[in-house]
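Take 8 as the starting number for the sequence shown in this note's numbering and just add one per residue. All remarks here apply to the structure that follows.
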Amino acid sequence: MSSNDAPSTSVEVYLGIILFFLFPMCIFIVIYYAEPGFPFRTYCTCVLGYYASFGILLIVPIDIASVVFDRLSKNIGDSPSYDADNNALSSVYNTFFTMVLILGSFVLILEEYFNSDGKNTTFILIIKIYIS
8 MSSNDAPSTS VEVYLGIILF FLFPMCIFIV IYYAEPGFPF RTYCTCVLGY YASFGILLIV
68 PIDIASVVFD RLSKNIGDSP SYDADNNALS SVYNTFFTMV LILGSFVLIL EEYFNSDGKN
128 TTFILIIKIY IS
């Protein structure tokens, strides 16, 4: 990876600061608003779900700024720094989107069955899902 292929420092710094401060904020939100009787695994899943959801929203400003900066530069469409920024942001977008998809579509549904039934047997849960 050459120096032209690396994302710009502003994108790296923005992602580092935003994603670093987002995690404790998500922990606070879940602890403050969640029902006290939740199992620990549900707290963890909710924190990760909020982290990925808010992360997608907080990446949008730097994405827009990088597009605007590219359009105002002299080498429009041929900027290696824009391509590197775009690759870095798209990998973060893909990671967060996959987290939201898996947590929202599968994990939280299974945990709701666990929490409402009171049984933590995976085999019974899988049978119950396929029967209904």
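Idealized CB from N, CA, C, for every residue including glycine. These numbers come from a predicted model, not from an experiment.
Self-check item: Boundaries (first-last residue) of the alpha helix (DSSP H) holding S80
Solution: From DSSP, S80 is part of no alpha helix (DSSP H); its letter is neither H nor E.
Exercise. Would you mind working out which of G62, Y120, S80, D92 sits nearest F103, comparing C-alpha positions?
Key: Of the candidates G62, Y120, S80, D92, G62 places its Cα closest to the Cα of F103.
Quiz item: Distance, Cα to Cα, S10 vs G23?
Solution: In this prediction, S10 scores a pLDDT of 47, lower than 50, which makes its location untrustworthy; the coordinate-derived value is nonetheless stated afterwards. S10 and G23: Cα-Cα distance of roughly 19 Å.
Quiz item: According to DSSP, is P46 helix, strand or coil?
Solution: Secondary structure of P46 (DSSP, three-state): coil.
Practice problem: For M8, I'd like the list of residues in its chain whose CB is within less than 6 Å of its CB, leaving aside the five on either flank, ordered along the chain. | Solution: The predicted position of M8 is uncertain, since its pLDDT is 44 and thus under 50; a value taken from the coordinates is nonetheless stated next. None.
Self-check item: Selection from D77, V54, D70, A95 that minimises the alpha carbon distance to F30
Solution: Shortest Cα-Cα distance from F30 to any of D77, V54, D70, A95 involves V54.
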